[in-house]
Amino acid sequence: THLLFLHETGSNHPSGIPSNMDKIPFHPYYTIKDILGILLLILALLALVLFSPDILGDPYNYTPANPLSTPPHIKPEWYFLFAYAILRSIPYKLGGVLALVLSILTLLIIPFLHTSKQRSMMFRPLSQCMFWLLVAHLLTLTWIGGQPVEHP
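Numbers in the numbering used here are just positions in the sequence shown, counted from 1, shifted up by 16.
As structure tokens, this is what we get:
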């Protein structure tokens with residue numbers, strides 16, 4: 017749907033210039049190209065799953081389970097590590113959940129605060145600084161979430 021929307025309404029130019037002259041009709045030019053791309057992606061994933069199904073697996077999946085203790089290697093996937101670090105940082109469970117929910121709400125609210133017609137951050141050094149600060153915080157939290165828990 018987003019591809020069709022892009023060809024019907026055009027894209028956002030960084031300087032706010034309308035792109036009506038650059039629009040190309042979606043069908044049939046891009047329909048066949050998109051179908052071919054999806055088929056190639058499905059073929060590659062099918063080959064990966066059928067010929068080597070354990071290539072993306074974790075070797076710890078084959079260790080016998082001990083129901084009395086949680087093994088130290090248990091940690092979430094890499095894209096959840098920042099949230100795991102936020103949850104671990106607050107000892108009170110409800111406080112950790114509230115901090116996590118508020119951090120996600122902050123990420124959801126940020127795009128609605130941008131009301132300018134200009135879509136680029138090229139001429140906004142403060143916005144650039146805030147963006148790279150956000151990236152640095154996410155990377156730091158991801159790194160901290162991947163570290164083992166140690167008591168101080």
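Beta carbons: idealized from backbone N, C-alpha and C, even for Gly.
Using the rule of at least 16 other Cβ atoms within 10 Å of the residue's Cβ for burial, across every protein chain shown, is glycine 161 buried or exposed?
buried
Quick check on asparagine 82: does DSSP put it in helix, strand or coil?
coil
Output the distance between the C-alpha atoms of glutamate 166 and threonine 47, rounded to the nearest integer angstrom.
Cα to Cα, glutamate 166 sits roughly 54 Å from threonine 47.
Between which two residues does the alpha helix (DSSP H) containing glutamine 144 stretch?
It spans 141-162 - the alpha helix (DSSP H) in which glutamine 144 sits, taken as one unbroken run.
Flag this pair as touching only if the segment 115-132 and the segment 55-72 have three or more C-beta atom pairs under 8 Å; answer yes or no.
As far as the Cβ criterion goes, the segment 115-132 does not touch the segment 55-72, which means the pair count is below three.
Looking only at its chain, what residues have a beta carbon closer than 6 Å to the beta carbon of leucine 97, apart from the 5 residues adjacent to it on each side?
Thr158, Gly161 and Gly162
Please state whether DSSP places proline 69 in a helix, a strand or coil.
coil
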